[in-house]
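Data first, discussion second: the structure below is written as structure tokens.
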Amino acid sequence: MKAKKIIGKLLTAFLLISVGVAVGKEMAMRTFPTAQLPPAATTGENVIVYYMHGLPCITCTFIETTAEKIVHEDFAEAVQAGKMKFVSLNYLESENAALADKYNVGENMVIAVRFEDGGEVARVRMDRVMELASDAKGLEDYLRKGIASALEGGGE
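Using the working numbering, you'd call the opening residue of the sequence shown number 4 and step up by one each time.
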């Protein structure tokens, strides 16, 4: 009986260590840029698509990848023209706190913000990204619609 308990504890320890190593490797591979505001010399129109997340997980990474792909593929002309960019930020990090407070971020979300002549003129919050993460098509459609609305000048 003692051998079973010892083997059980060793297997549990092995599992916990393996998970810890995997999470550590994932965290080491990710970089979190500091809050990026619109260019100071903005004289035209720009949209920044922020993915605001906490600690990364599989679902968070899927949402981030999906949002970034949509920005770079569906809005490629705007990106190439310098009128749109994608920024992923961990809202829990202190250097991103002001931006998280400004946009009232307390959970994972995508926010498309339109700037004109250096000032914010519209924002579209996409709060349902975690809810829609299990429906890839629904998530993509939701993000496309929100980002397009910001690009066209719509907002909340």
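Glycine included, each C-beta is placed from N, C-alpha and C at the ideal position.
Please name the residue, chosen from the options, that lies closest to residue i on a Cα-to-Cα basis.
| i | options | result |
| --- | --- | --- |
| Gly156 | Arg117, Leu135, Arg147 | Arg117 |
| Lys148 | Val113, Glu134, Glu123, Met133 | Val113 |
| Ile73 | Ala103, Glu110, Val52, Glu98 | Val52 |
| Ile125 | Glu96, Val132, Ala115, Glu67 | This sequence places Ala at residue 125; Ile is not what is there. Of the listed residues, the one whose Cα sits closest to Ala125 is Ala115. |
| Leu58 | Thr68, Tyr94, Ala6 | Tyr94 |
| Phe89 | Leu142, Asp130, Leu146 | Leu146 |
| Glu80 | Val50, His56, Gly122 | Val50 |
| Leu142 | Thr68, Gln83, Asp120 | Thr68 |
| Gly122 | Lys8, Ile20, Glu48 | Glu48 |
| Asn111 | Glu119, Phe78, Asp130 | Asp130 |
| Val108 | Met55, Lys140, Val132, Lys8 | Met55 |
| Ala84 | Lys7, Ser91, His75 | His75 |
Just mark residue i as buried or exposed, buried being the case when its beta carbon has 16 or more other beta carbons within 10 Å.
| i | result |
| --- | --- |
| Ser137 | exposed |
| Ser152 | buried |
| Ala70 | buried |
| Ala103 | buried |
| Ile10 | exposed |
| Ser97 | exposed |
| Cys63 | buried |
| Ile61 | exposed |
| Ile66 | buried |
Helix, strand or coil for residue i, going by three-state DSSP, please let me know.
| i | result |
| --- | --- |
| Glu48 | strand |
| Arg131 | coil |
| Gly57 | coil |
| Ala136 | coil |
| Gly141 | helix |
| Gly109 | coil |
| Gly1 | The question about residue 1 has no answer, for the chain in this structure spans 4 to 159. |
Using 9 Å as the threshold, is the C-beta distance between residue i and residue j below it?
| i | j | result |
| --- | --- | --- |
| Lys86 | Leu135 | no |
| Val127 | Ile150 | yes |
For this session: Identify every run of the alpha helix (DSSP H) within the region 62-100, keeping only runs that are complete inside it and at least 4 residues long; order them along the chain.
Result: 79-83
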